[in-house]
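Participant: Residue numbers (this note's numbering): 645 to 1074.
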């Protein structure tokens, strides 16, 4: 299990988050949900970033310097706050610590990155192996040196991935994707997203999703191709099509270089004029489709506000679909930020269904399956939920493994209390 620990960074004063197979973070706007999800993304990305550095023949010191630069791009110093801070990320046997000391006047302070020695040892061993093999190949005057050079790097990378899978176990993911909020921007802007990225207006994680969405859209229009060793699962496709009809009110199609939603009454609605909810949902939907089709079983998604602009009943449908996707593979994960108590209330139902339908209570399984499909049941041991309250991250899981009902009811009870006060005023003045 990986863990993020924050001490006075940005708008978060204190927090510790254990990342499970499915982790939720709820909180009001501008409370730091995105900061936390992007921090987890940044640290997990170090595992993949090392391979880019190795391919470029970077020394460990150069790679270390690049990581600090990457952090500053993702989290500009103006948003760090005025306090000294420390951020720890525990990833199996590895420990990463970002730290800034006392801040003086007219200075943002000096930030340092400490990485456990075992990670550095592994990096330098891989680098030396690549350099040694390249030197031997060059000494042979092999005409195919360029292609052989690529094979050397690929072989070392494969060994490194195998070693990390062994070291990290369920904490290792070979790929990850950050799906930001404000997704209607990608739907409406189309390929113009590239200009925003080149202009430096998008942070690295959001820019990556912009490129990803452009690729998915091109594939939808028949301009791209992804090789798959296995044919698509027909049952999953049928399930996905049925859900699309519920969420979009039609079917996503493309023809003559244009993608659209064909409504049940035959109308063809271009992506650019979809409703706000549909425009927000579309990029997420295309990403989830690829997540479902991906043959890799080591994929992790970060999803911001999946419920944006959706009616509560649609939020329920989407939450169940997210649980289904996580359950498709034994080693797939999601970190989800949300404003919506409806989402967490639905997740509670999925957790309860999983509890009732487990093997020790097999007599309930068939009955539970009729209420909530078996493939959407969640395991409380692989689930975590947190809230941000007064700049502090707190767990909102009860002893029963469910999201605390008192937390879910708090907002509605405040509203009910206001209404009761109004009724009391009315009664006193009759």
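All residues carry an ideal CB built from backbone N, CA and C; glycine is no exception.
Since the structure is predicted, the reported quantities are computational estimates derived from the model, not experimental observations.
1. On a Cα-Cα basis, can you pick out the residue from 1073, 975, 982, 1027 that is closest to residue 809?
2. Roughly how many angstroms separate the alpha carbons of residue 687 and residue 740, rounded to a whole number?
3. My parser needs the alpha helix (DSSP H) runs of 4 or more residues fully inside the segment 766 to 828; what are they?
4. DSSP three-state label for residue 1065, please.
5. Taking the alpha-carbon of residue 685 as reference, which of 997, 735, 697 has the nearest alpha-carbon?
6. Here's the rule: buried if 16 or more other CB atoms are within 10 angstroms of the residue's CB, otherwise exposed. What is residue 784?
7. Residue 921 lies in the alpha helix (DSSP H); which residues open and close that run?
8. To the nearest angstrom, report how far apart residue 916 and residue 857 are at their CA atoms.
9. For residue 776, count the other beta carbons within 10 Å of its own beta carbon; 16 or more makes it buried, fewer makes it exposed. Which is it?
10. Could you tell me the distance, in whole angstroms, from the CA atom of residue 901 to the CA atom of residue 748?
11. Is DSSP giving residue 763 helix, strand or coil here?
12. Using the C-alpha atoms, what's the distance from residue 931 back to residue 884?
13. Output the boundary residues of the alpha helix (DSSP H) element that contains residue 854.
14. Would you say the segment 1020 to 1030 touches the segment 981 to 1001, given that touching needs at least three Cβ pairs under 8 Å?
15. What residues match up with residue 982 in a beta bridge as DSSP calls it?
16. Counting along the chain, where does the alpha helix (DSSP H) carrying residue 1031 start and finish?
17. Leaving out the 5 sequence neighbours to the left and right, which residues in its chain are closer than 7 Å to residue 829 when beta-carbon positions are compared?
18. In its own chain, which residues sit with a C-beta less than 7 Å from the C-beta of residue 979, not counting the 5 before and 5 after it?
19. Note down, in chain order, each residue of its chain lying with its Cβ closer than 8 Å to the Cβ of residue 898, except the 5 sequence neighbours on either side.
20. Counting only the same chain and skipping the five closest in sequence on each side, list residues whose C-beta sits under 6 Å from that of residue 658.
21. Which first and last residues belong to the beta strand (DSSP E) in which residue 734 is found?
22. Which residues in the same chain as residue 923 place their Cβ atom closer than 6 Å to its Cβ, once the five residues preceding and following it in sequence are excluded?
23. Kindly list the residues whose CB is nearer than 6 Å to the CB of residue 764, restricted to its own chain and excluding five residues on each side of it in sequence; keep chain order.
24. Taking residue 822 and residue 853 to be in contact with their CB atoms under 8 Å, please state how far apart those CB atoms are, rounded to whole angstroms.
25. Please state whether the Cβ-Cβ distance between residue 755 and residue 744 is less than 8 Å.
26. Do residue 943 and residue 817 have their C-beta atoms closer together than 8 Å?
27. Nearest to residue 691 by CA position, among 711, 673, 753, is which residue?
28. Rounding to the nearest angstrom, what Cα-Cα distance links residue 1043 and residue 991 in this structure?
29. Is the beta carbon of residue 646 sitting closer than 8 Å to the one on residue 676?
30. With residue 947 as the anchor, note down where its beta strand (DSSP E) starts and where it stops.
31. Less than 7 Å separating the Cβ of residue 1029 from some heavy atom of the ligand GTP?
32. Just to confirm my understanding: we take residue 742, look at its own chain, exclude 5 residues before and 5 after, and list those with CB closer than 6 Å. What are they?
33. In whole angstroms, what separates the C-alpha of residue 1045 from that of residue 1051?
34. With DSSP as the reference, label residue 686 as helix, strand or coil.
35. Please classify residue 885: does DSSP put it in a helix, a strand, or coil?
Facilitator: Taking the coordinates as given:
1. 975
2. 8 Å
3. 789 to 812
4. helix
5. 735
6. exposed
7. 920 to 937
8. 15 Å
9. exposed
10. 57 Å
11. helix
12. 13 Å
13. 848 to 864
14. yes
15. 670
16. Segment 1027 to 1033 is the beta strand (DSSP E) holding residue 1031; no alpha helix (DSSP H) there.
17. none
18. 663, 667, 681, 684, 946
19. 864, 865, 866, 904
20. 1036
21. 729 to 735
22. 828, 831
23. 704
24. 6 Å
25. yes
26. yes
27. 711
28. 16 Å
29. no
30. 943 to 948
31. For the ligand GTP, the structure offers nothing, since it holds no ligand at all.
32. 731, 757
33. 14 Å
34. helix
35. helix
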